[in-house]
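Only one structure is covered here, and it is reproduced in the block below.
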Amino acid sequence: AQSVTQPDIHITVSEGASLELRCNYSYGATPYLFWYVQSPGQGLQLLLKYFSGDTLVQGIKGFEAEFKRSQSSFNLRKPSVHWSDAAEYFCAVGSTGGGNKLTFGTGTQLKVEL
Amino acid sequence: KAGVTQTPRYLIKTRGQQVTLSCSPISGHRSVSWYQQTPGQGLQFLFEYFSETQRNKGNFPGRFSGRQFSNSRSEMNVSTLELGDSALYLCASSGDPSITDTQYFGPGTRLTVL
């Protein structure tokens, strides 16, 4: 069965500092990978997704993620964090067996210090 | 274009009651998925509908059911509510039931079971 692990429950960074959120997946085939962000009282917003091709994918709000098959990882990065980036971030893997089912990690809560 | 709307936004019920939640997808979208979000279990897939047919179902008891109407609006029903059903229920829509198609999430319905 597919699964996603986000090892960091909470991360605190200073505004302007770089950010890396970790995500490891378990999936038999080539995975479809996603990063979503959730602000308080809001639904989930897609930041970026990886299906195939270039292993470095660019997303919205200045985020990027790199797919590393050898490490089963899909870490999210941002070179300079803004206070408005404070939110919860979810990594997810999608099933290639048909349909839209997503399996999510437990999330990483990002706090930004001014 | 209006986003995914969910009604009601907040709901309080007592154990043993039943509840119906509604989701209106983005205009033109025909695939609707439902997720349950709790602090303990995180985000879990409930089911997915496309063209009024359930295509995928998660590991939830039969008390959880759903349906989709011809206009793509979807409802989910939970019967015989338990305290553990307290959660944020999120609905997502996409144009077609392919994992490569971006899913757009609504703001969710916060259900509290007393």
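Protein chains in written order, with my numbering: chain A, 1029 to 1142; chain B, 73 to 186. Heads up, the beta-carbon is just placed ideally off N, CA and C, and yes, glycines get one too.
CA nearest to the CA of residue i, picked from the options
i	options	result
Val-76 of chain B	A:Ser-1123, A:Gly-1071, A:Ala-1114	A:Gly-1071
Gly-114 of chain B	A:Glu-1141, A:Thr-1136, A:Val-1140	A:Thr-1136
Leu-160 of chain B	B:Gln-126, B:Gln-140, B:Gly-112, B:Gln-175	B:Gly-112
Glu-124 of chain B	B:Thr-172, B:Gly-180, B:Arg-102	B:Arg-102
Gln-1034 of chain A	A:Thr-1040, A:Ser-1042, A:Tyr-1053, A:Leu-1047	A:Tyr-1053
Ile-1039 of chain A	A:Leu-1104, A:Ser-1123, A:Gly-1122	A:Leu-1104
Asn-143 of chain B	B:Tyr-107, B:Gly-130, B:Gly-100, B:Ala-164	B:Gly-100
Phe-119 of chain B	B:Arg-182, B:Thr-172, B:Ser-165	B:Ser-165
Gly-178 of chain B	A:Val-1109, A:Gly-1069, A:Ser-1100	A:Gly-1069
Trp-1063 of chain A	A:Val-1032, A:Ser-1042, A:Val-1109	A:Val-1032
Gln-90 of chain B	B:Arg-182, B:Tyr-176, B:Ser-151, B:Leu-155	B:Ser-151
Tyr-1030 of chain A	A:Ser-1100, A:Ile-1037, A:Lys-1077	Here residue 1030 of chain A is Gln; the residue named in the question, Tyr, does not match the sequence. Closest option to Gln-1030 of chain A, Cα to Cα, is A:Ser-1100.
Asp-1143 of chain A	A:Thr-1134, A:Ala-1093, A:Lys-1089, A:Glu-1094	Outside the modelled stretch of chain A, which goes from 1029 to 1142, sits residue 1143 of chain A, for which no answer is possible.
Tyr-176 of chain B	B:Thr-86, B:Val-104, B:Phe-117	B:Val-104
Spatial distance of residue i from residue j (CA atoms)
i	j	result
Arg-145 of chain B	Cys-95 of chain B	6 Å
Pro-1107 of chain A	Val-1085 of chain A	14 Å
Tyr-121 of chain B	Lys-1129 of chain A	11 Å
Arg-1050 of chain A	Gln-109 of chain B	21 Å
Gly-167 of chain B	Gln-78 of chain B	18 Å
Asn-128 of chain B	Gly-1044 of chain A	42 Å
Ala-126 of chain B	Gln-140 of chain B	Going by the sequence as given, residue 126 of chain B is Gln instead of Ala. Cα-Cα distance, rounded: 8 Å.
Asp-1082 of chain A	Lys-1096 of chain A	11 Å
Leu-1047 of chain A	Pro-133 of chain B	39 Å
Gly-88 of chain B	Leu-1142 of chain A	47 Å
Pro-80 of chain B	Ser-1098 of chain A	45 Å
Gly-1158 of chain A	Asn-131 of chain B	The first residue shown for chain A is 1029 and the last is 1142, placing residue 1158 of chain A beyond what the model contains.
Val-1109 of chain A	Thr-1058 of chain A	30 Å
Thr-1134 of chain A	Tyr-1117 of chain A	9 Å
Phe-117 of chain B	Ala-74 of chain B	24 Å
Gln-1036 of chain A	Leu-1138 of chain A	Checking the sequence, you will find Asp at residue 1036 of chain A rather than Gln. Roughly 10 Å between the two C-alpha positions.
Tyr-82 of chain B	Arg-182 of chain B	5 Å
Phe-136 of chain B	Thr-86 of chain B	16 Å
Pair within 7 Å by beta-carbon distance, residue i and residue j
i	j	result
Tyr-1120 of chain A	Phe-1132 of chain A	It should be pointed out that residue 1120 of chain A corresponds to Ala in this sequence rather than to Tyr. Their beta carbons are under 7 Å apart, which means Ala-1120 of chain A touches Phe-1132 of chain A by this criterion.
Leu-93 of chain B	Met-148 of chain B	yes
Phe-1091 of chain A	Leu-1074 of chain A	no
Thr-184 of chain B	Ser-158 of chain B	yes
Gly-180 of chain B	Leu-153 of chain B	no
Ser-1042 of chain A	Ala-1115 of chain A	no
Assumed close pair residue i, residue j - CB separation to whole angstroms, cut-off 8 Å
i	j	result
Gly-1127 of chain A	Pro-97 of chain B	With a Cβ gap of about 15 Å, Gly-1127 of chain A and Pro-97 of chain B do not count as contacting.
Trp-1111 of chain A	Val-1140 of chain A	5 Å
Val-1079 of chain A	Tyr-1055 of chain A	First, the residue type needs correcting, since residue 1079 of chain A is Phe and not Val in the sequence shown. Actually they do not touch by this definition, with Cβ atoms about 13 Å apart.
Ile-171 of chain B	Ser-1123 of chain A	6 Å
Gly-138 of chain B	Trp-106 of chain B	6 Å
Beta-bridge partners of residue i, as assigned by DSSP
i	result
Lys-1077 of chain A	A:Phe-1062
Ser-1098 of chain A	Paired residues: none, contrary to the question.
Gly-114 of chain B	B:Thr-110
Leu-1130 of chain A	A:Gly-1122
Gln-140 of chain B	B:Ser-146
heavy atom of the ligand ADP below 6 Å from residue i C-beta
i	result
Asn-1052 of chain A	Although the ligand ADP was asked about, the structure shown includes no ligands whatsoever.
Any chain E beta carbon closer than 7 Å to residue i
i	result
Leu-1076 of chain A	Absent here is chain E; the protein component of the structure consists of chains A and B.
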